[in-house]
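See below for the structure under consideration.
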Amino acid sequence: MQVYISVDLEGVAGIATFDQILRGGSGYPRAQSLMTAEANAAIRGAFAGGATEVVVSDSHGTMDNLLVAELDPRARIVTGGPRPACMAQGLSRDAAVAIFLGYHAAAGAPGVLSHTFSANFTQLRINGKPMSEAEVNALYAADRAVPVGVLTGDDQICAVAREAFPGVRTVETKTAIGWSATDSLQPATACAAIEDVVAEATAAASHLSAPPVPEVLDLEVGFASALGADLAAVTPGTQRLDALTLGYRTSDVDELLRAIMAWYYLAALAAQQTAALAARR
Ligand SMILES: [Zn+2]
Numbered sequence: 001m002q003v004y005i006s007v008d009l010e011g012v013a014g015i016a017t018f019d020q021i022l023r024g025g026s027g028y029p030r031a032q033s034l035m036t037a038e039a040n041a042a043i044r045g046a047f048a049g050g051a052t053e054v055v056v057s058d059s060h061g062t063m064d065n066l067l068v069a070e071l072d073p074r075a076r077i078v079t080g081g082p083r084p085a086c087m088a089q090g091l092s093r094d095a096a097v098a099i100f101l102g103y104h105a106a107a108g109a110p111g112v113l114s115h116t117f118s119a120n121f122t123q124l125r126i127n128g129k130p131m132s133e134a135e136v137n138a139l140y141a142a143d144r145a146v147p148v149g150v151l152t153g154d155d156q157i158c159a160v161a162r163e164a165f166p167g168v169r170t171v172e173t174k175t176a177i178g179w180s181a182t183d184s185l186q187p188a189t190a191c192a193a194i195e196d197v198v199a200e201a202t203a204a205a206s207h208l209s210a211p212p213v214p215e216v217l218d219l220e221v222g223f224a225s226a227l228g229a230d231l232a233a234v235t236p237g238t239q240r241l242d243a244l245t246l247g248y249r250t251s252d253v254d255e256l257l258r259a260i261m262a263w264y265y266l267a268a269l270a271a272q273q274t275a276a277l278a279a280r281r
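Sequence positions in the sequence shown follow the numbering used here and run 1 to 281.
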C-alpha cells in the first residue's frame, strides 16, 4: 500500500513569520528542520499503519526545502520544480491515501501565512467557490481516486478540511492569532500527534473514498496587479473577466493545475519587473 505525503511549510508547528518561509530569511534554516521533522513523523506513521511505500512531495515555494539526507530512508522524495502538478506532483492511482502536511488557509481567509499558491493571487475560485491549495490538490487526488486522509496545519485550514474532505483526520499544529502570529504546539508534541494520526488514517484508508470531480471546472483567479493579469492573459484558453480577474474553463484537472502554474509564473514575472523598477528609483 502506497501513501502519498505532500509537505508544505506554513502550517508546520513553530512557523509563524514570513522570514521563516522564504529562502534567505534568518529563520528559514530552522524552518527546514521543523518541516523535515514533521515529514519524518508522517512517514513513520504511514509505515506503522501498514504502508509498504511512501512518496513524499516537497511542496513549498522552490519545492526543495526538506533536508533530504535527514529524511527517513524508506521514503521516496519528489523535490524541485517547476513541475506541472505543483504540490501534488507524484500523486498517482498507486496511492491508497493522500496526506497534506503543514498546509495553510486560502488567500483572503484568516489563518497563518494564508495565500493560495502565490502572493500575487488575491483569490482563487473554482465553480464560484474560494479554494485553498488543499482543496485544489484534493481535486487532483480525487481525479486519481485517492482520498485525503489527513491534513495538518493551523486551526483555520483544519476547519476547512473537515468540511471539505469527508472522513479526514486533522492535527491542529497551532491556532492562528494573526497572519504572522500563532499559538503553536511545541514541535515534538506536534510530531507525536502527526505520527499517531497518520498511522490511524493509513490503517483505515480502505474506509475512505474520493468524492467525484465536477464535470466542468471554472477557474477564476484575482490578480494583485493588472500587469500580472496582462501577462497571464496570454496563456491559451484564458478569458479576461476584468482588469484583475482571469478565467479558464476545463474538464481536465491536470490542465487546471497547468493553467494555475502558468499564471503563477507569469504573475511572478510581473511582480519581479515591478520590484526591479521600484528598486531603481
Ligand atoms: Zn508553502
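A virtual CB, placed ideally from N, CA and C, is assigned to each residue, including glycine.
8 Å Cβ cutoff met for residue i and residue j
i: residue 134; j: residue 113; result: no
i: residue 194; j: residue 88; result: no
i: residue 147; j: residue 209; result: yes
i: residue 175; j: residue 155; result: yes
i: residue 31; j: residue 9; result: yes
i: residue 190; j: residue 173; result: yes
i: residue 201; j: residue 169; result: yes
i: residue 216; j: residue 251; result: yes
i: residue 149; j: residue 97; result: yes
i: residue 101; j: residue 39; result: yes
i: residue 61; j: residue 153; result: no
i: residue 298; j: residue 139; result: Beyond the ends of the chain as shown, which are 1 and 281, falls residue 298; an answer cannot be given.
i: residue 257; j: residue 223; result: no
i: residue 64; j: residue 80; result: yes
i: residue 187; j: residue 75; result: no
i: residue 84; j: residue 106; result: no
i: residue 77; j: residue 5; result: no
i: residue 279; j: residue 120; result: no
Distance, residue j Cα to residue i Cα
i: residue 199; j: residue 167; result: 15 Å
i: residue 132; j: residue 281; result: 36 Å
i: residue 247; j: residue 255; result: 13 Å
i: residue 2; j: residue 103; result: 21 Å
i: residue 17; j: residue 141; result: 29 Å
i: residue 206; j: residue 179; result: 37 Å
i: residue 54; j: residue 73; result: 10 Å
i: residue 221; j: residue 110; result: 18 Å
i: residue 273; j: residue 108; result: 24 Å
i: residue 35; j: residue 7; result: 8 Å
i: residue 236; j: residue 118; result: 20 Å
i: residue 26; j: residue 15; result: 13 Å
i: residue 229; j: residue 43; result: 39 Å
i: residue 29; j: residue 266; result: 28 Å
i: residue 226; j: residue 261; result: 18 Å
i: residue 22; j: residue 268; result: 15 Å
i: residue 69; j: residue 240; result: 45 Å
i: residue 203; j: residue 211; result: 20 Å
i: residue 219; j: residue 122; result: 14 Å
i: residue 51; j: residue 159; result: 27 Å
i: residue 171; j: residue 259; result: 31 Å
i: residue 238; j: residue 253; result: 15 Å
i: residue 137; j: residue 82; result: 16 Å
i: residue 182; j: residue 264; result: 27 Å
i: residue 127; j: residue 116; result: 16 Å
i: residue 37; j: residue 177; result: 24 Å
DSSP bridge partner residues for residue i (one or two, in chain order)
i: residue 220; result: 125, 247
i: residue 283; result: In the structure displayed, the chain extends from 1 to 281; residue 283 sits before or after that span and is not available.
i: residue 6; result: 57, 100
i: residue 242; result: 245
Query - Contiguous alpha helix (DSSP H) assignments of at least 4 residues, all confined to the stretch 28 to 68 - result: Counting only runs of 4 or more, we get 28 to 48.
Requested in this report: Report the residue ranges of all alpha helix (DSSP H) runs contained in full by the stretch 150 to 223; include only those spanning at least 4 residues, in chain order.
Outcome: 155 to 164, 187 to 203
Requested in this report: Could I get the ranges of all uninterrupted beta strand (DSSP E) runs contained in the stretch 85 to 151, with 3 residues as the minimum, in chain order?
Outcome: 95 to 103, 121 to 126
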